[in-house]
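Let me begin by presenting the structure, written as structure tokens, before commenting on it.
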Amino acid sequence: MKYDYIIAGSGCAGLSLLYKILQTPSLQNKSILVIDKDQKKSNDRTWCFWEKNPGPFESIVYAKWNKLEFLSTDFKKELDLESYTYKMIQGIDFYNFVINYAKKFKNVSFVQESINSIDNIDKKAVLKTTKNRYTANYIFNSTNLFNPKINEQNSLLQHFKGWLIKTEKPVFNPEIGRLMDFRVSQENGATFMYVLPTSTTEALVEYTLFSPRVLDKEVYTLELKKYIKEELEIDNYTLIHQESGVIPMSLEKFEQNPKLNVINIGTSGGYTKASSGYTFQFIQKNIIEIINNLVEGNNIIQQTSFKNKYYQWSDRTLIDVLLSNKLTGKDVFTKMFQKVPIEKILAFLGNESSFLEDFKVFTSFPVKPFLTSGIKQL
Ligand SMILES: Cc1cc2nc3c(=O)[nH]c(=O)nc-3n(C[C@H](O)[C@H](O)[C@H](O)COP(=O)(O)OP(=O)(O)OC[C@H]3O[C@@H](n4cnc5c(N)ncnc54)[C@H](O)[C@@H]3O)c2cc1C
Numbered sequence: 052m053k054y055d056y057i058i059a060g061s062g063c064a065g066l067s068l069l070y071k072i073l074q075t076p077s078l079q080n081k082s083i084l085v086i087d088k089d090q091k092k093s094n095d096r097t098w099c100f101w102e103k104n105p106g107p108f109e110s111i112v113y114a115k116w117n118k119l120e121f122l123s124t125d126f127k128k129e130l131d132l133e134s135y136t137y138k139m140i141q142g143i144d145f146y147n148f149v150i151n152y153a154k155k156f157k158n159v160s161f162v163q164e165s166i167n168s169i170d171n172i173d174k175k176a177v178l179k180t181t182k183n184r185y186t187a188n189y190i191f192n193s194t195n196l197f198n199p200k201i202n203e204q205n206s207l208l209q210h211f212k213g214w215l216i217k218t219e220k221p222v223f224n225p226e227i228g229r230l231m232d233f234r235v236s237q238e239n240g241a242t243f244m245y246v247l248p249t250s251t252t253e254a255l256v257e258y259t260l261f262s263p264r265v266l267d268k269e270v271y272t273l274e275l276k277k278y279i280k281e282e283l284e285i286d287n288y289t290l291i292h293q294e295s296g297v298i299p300m301s302l303e304k305f306e307q308n309p310k311l312n313v314i315n316i317g318t319s320g321g322y323t324k325a326s327s328g329y330t331f332q333f334i335q336k337n338i339i340e341i342i343n344n345l346v347e348g349n350n351i352i353q354q355t356s357f358k359n360k361y362y363q364w365s366d367r368t369l370i371d372v373l374l375s376n377k378l379t380g381k382d383v384f385t386k387m388f389q390k391v392p393i394e395k396i397l398a399f400l401g402n403e404s405s406f407l408e409d410f411k412v413f414t415s416f417p418v419k420p421f422l423t424s425g426i427k428q429l
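So the number in our numbering is just where the residue sits in the sequence shown, counting from 1, plus 51.
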């Protein structure tokens, strides 16, 4: 059978696209096949992101903050987000929400198979799994089949381990999230703790690094235990959930249209912001563009606008500064948070700022390292 759309990979991008298609009257009756090797039944990640208005997944937002704090060795700042809200969604809530919604539609089928290849054969988008061959007008791919090779010369990795902990007594202030605490050892690269209290007795504590290599597994655990005891001053707690991940922060180009009628979405389409690892909000913006093209019957050839090319250049510049050890991550982020208001930082990191606003962010950094890396990345 030939489908209108195949969604290859039902993670964040695949399910965000599926949900939006099913919410769009002119598209909701299209025949859709969703393929993933996984059943999406585990709470494998937590997504945090910021936005100004309620988003498509507002009803499953698990926690939100209007204040964040930034800490470094000799600098601490409490930040009022003003027009932005920082939000958290749990992976399992997201998977259940979209999959349950889609089950009401007879035109949507789910299969659990491992995808081996995606191609365009005789002007048809063709997907092969270990068991079957499927064709469609469009295949939206979020598997890593077309991803570039990542190595220590072209990429940093954002690697982390997070613990959701519960305490017996109320110790957290759920009004304020700790976005970055750089007071931890920097011997393995740019390293910070991220603490998001979801209630007075519960918080996600995440040990995060931007560096070329991942660490031995036990190091993340040791550092989390140390920070919870020494900085948060908590002795008694229960570990209720844990997650870990490695997100590419790469100078390499992620292809958007690897084959005719094959559209890469999510991290595979380059929608991970290379300088920060944030992806959720960029996926949502890309999905809106795809839906608009589908509704208007346009061929989907994802265009990188001048503004987006500029954002990619500024991301690559920051990565180059860090990869070439011109400045430490701690220095870069401390200078930025010292000099730039948080609303402007969030707009900059969310690709929502004007050139003039970005210029102000750039002038908060030491000129020479950014100038040489910026020229190199042109
Ligand atoms: C633990 C963790 C926490 C994160 N936290 C944040 C955050 O707070 N904020 C943020 O913005 N970003 C975050 N990210 C980064 C990013 O948002 C996520 O990785 C996001 O899930 C990317 O969406 P995606 O659809 O591109 O990939 P995924 O969600 O990983 O989906 C890809 C899907 O493809 C399937 N698949 C892959 N290969 C095959 C194959 N060969 N055959 C069949 N199926 C296949 C996988 O099973 C998966 O379901 C986090 C990442 C991780 C790992």
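Beta carbons are placed, not taken as given, at the ideal position from N, Cα and C, and that holds for glycine.
- Contact annotation, isoleucine 339 with isoleucine 72: C-beta distance approximately 12 angstroms; criterion of less than 8 angstroms not satisfied.
- Excluding residues up to 5 positions away in sequence, Cys63, Trp98, Cys99, Phe100 and Ile140 lie with their Cβ nearer than 8 angstroms to the Cβ of phenylalanine 331 in the same chain.
- Where valine 383 is concerned, the enclosing alpha helix (DSSP H) starts and stops at 380-390.
- For the pair tyrosine 54 and asparagine 147, the CB atoms are not nearer than the 9 angstroms cut-off.
- According to the DSSP assignment, tyrosine 245 belongs to the beta strand (DSSP E) that extends over 241-250.
- Taking all protein chains in view, the Cβ of serine 262 is crowded by 16 or more other Cβ atoms within 10 Å, so the residue is classified as buried.
- When secondary structure is reduced to three states using DSSP, glutamine 335 falls in the helix class.
- At the C-beta level, valine 177 and lysine 138 stay beyond 9 angstroms of one another.
- Runs of the beta strand (DSSP E) spanning 3 or more residues and lying entirely within the stretch 126-155 occur at 126-131 and 136-141, in chain order.
- Going by DSSP, asparagine 359 is part of the alpha helix (DSSP H) stretching over 357-374.
- Check the Cα spacing between glutamate 133 and each of Phe121, Lys179, Asn117 and Phe416: the tightest is with Asn117.
- Rounded to whole angstroms, the separation of the alpha carbons of proline 392 and serine 415 is 11 angstroms.
- For serine 67, the closest alpha carbon among the candidates His210, Pro248 and Pro107 is that of Pro107.
- By the neighbour-count definition (other C-beta atoms within 10 Å, threshold 16), threonine 218 is a buried residue.
- Distances from the alpha-carbon of serine 193 to those of Asn337, Asn239, Arg229 and Ser236 put Asn337 closest.
- Not one heavy atom of ligand 1 sits closer than 8 angstroms to the Cβ of aspartate 144.
- Straight-line measurement puts the Cα of leucine 208 at about 16 angstroms from the Cα of threonine 368.
- Secondary structure of valine 159 (DSSP, three-state): strand.
- Within the stretch 267-303, the runs of alpha helix (DSSP H) that reach at least 4 residues and sit entirely inside it are, in chain order, 268-281.
- When Cβ pairs closer than 8 angstroms are counted between the two stretches, the stretch 217-237 is seen not to touch the stretch 303-310, the count staying below three.
- Under a 10 Å Cβ-count criterion, phenylalanine 333 is classified as buried, with 16 or more other Cβ atoms of the shown protein chains found around its own Cβ.
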